[in-house]
Amino acid sequence: MKRLICLAVVMLFVSMTMWGCGGSAPPVQEQNNSMNLPDWYLTPPDDPDHLWGTGEGRSSDIGMAKEKANTAARTAIAKQQEVRLNNLTKRFQEEIMGADDASQMLDQFSSATKEVVATTLRGIKQVEIDVRQDGRMKQVFVLFKYPIGESAEALMNNLKKKEELYTRFRSSQAFEEMEKEVEKFEEFKQNN
Numbered sequence: 159m160k161r162l163i164c165l166a167v168v169m170l171f172v173s174m175t176m177w178g179c180g181g182s183a184p185p186v187q188e189q190n191n192s193m194n195l196p197d198w199y200l201t202p203p204d205d206p207d208h209l210w211g212t213g214e215g216r217s218s219d220i221g222m223a224k225e226k227a228n229t230a231a232r233t234a235i236a237k238q239q240e241v242r243l244n245n246l247t248k249r250f251q252e253e254i255m256g257a258d259d260a261s262q263m264l265d266q267f268s269s270a271t272k273e274v275v276a277t278t279l280r281g282i283k284q285v286e287i288d289v290r291q292d293g294r295m296k297q298v299f300v301l302f303k304y305p306i307g308e309s310a311e312a313l314m315n316n317l318k319k320k321e322e323l324y325t326r327f328r329s330s331q332a333f334e335e336m337e338k339e340v341e342k343f344e345e346f347k348q349n350n
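Heads up: the sequence shown begins at 159 in our numbering, then just goes up one per residue.
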């Protein structure tokens, strides 16, 4: 009996020792930022007056890594700009539907917006940069911003060159929205 009690005590001791060696649960990593990326890269600022674009580039050459990141950020902004102008075109199209010259007007308007997308990213500015090294590789993260009003101003100037189209556009709801963006941009330029 004494032997049985000793065996039970030893088994209990061994069990408790093994149970205590289980260690703690593995640390839970953040789902969104397990790679320790810049916060602004994962969640760019939300600003109604600017378009924001992030980019990442990796290369053994720092200049090439930066160029890749810059290109990615500019492309992201250009895509957002294109979507905005496509939505504006659709609203303008809805407003001129039924007019005899609607097709011609829409073609001219689409042409004007495409020119703006192709040429107006000149006001883009780099706001943040984060450079990292991983062995021989360099990794660059960038954040760019672009004032929405600048593209609105460029589109308005482009439309003014086409008098008949501009007259038609001025009578639309889309014009009023665009004009407000231009006014905000003018205030922004004066304050900065």
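Yeah, the Cβ is synthetic: ideal placement off N, Cα and C, and Gly gets one too.
Under the three-state DSSP convention, the category residue i falls into
i    : result
K212 : For clarity, residue 212 is Thr in the given sequence; the question names Lys instead. Strand at T212.
M295 : strand
I287 : strand
K248 : helix
S217 : strand
L195 : coil
K224 : helix
K319 : coil
Any non-hydrogen atom of the ligand NAP closer than 6 angstroms to residue i Cβ
i    : result
D265 : Although the ligand NAP was asked about, the structure shown includes no ligands whatsoever.
Close Cβ partners of residue i (< 8 angstroms) along its chain, the five nearest in sequence each way excluded
i    : result
L195 : F299
K296 : R216, S217, S218, D219, I220, A223, V289, R290
R294 : S218
Proximity to residue i [Cα-Cα], best of the options
i    : options                : result
V285 : P305, N315, K248, E341 : P305
L246 : N349, I287, E344, E334 : E334
T212 : N349, N316, R242, I282 : I282
F267 : R249, E214, T229       : R249
M193 : N316, R242, T233, D292 : D292
Beta-carbon proximity of residue i to residue j, cut-off 7 angstroms
i    : j    : result
E311 : V340 : yes
F302 : A231 : yes
K342 : D205 : no
Q239 : S309 : yes
Close Cβ partners of residue i (< 7 angstroms) along its chain, the five nearest in sequence each way excluded
i    : result
P203 : W210
Extent of the continuous alpha helix (DSSP H) to which residue i belongs
i    : result
G281 : Neither: G281 is in no alpha helix (DSSP H) and is coded neither H nor E.
Own chain residues within Cβ distance below 6 angstroms of residue i, not counting five before or after
i    : result
I287 : V300
Q187 : Unreliable placement is indicated for Q187, whose pLDDT of 40 sits below 50; no coordinate value is reported for it.
E225 : none
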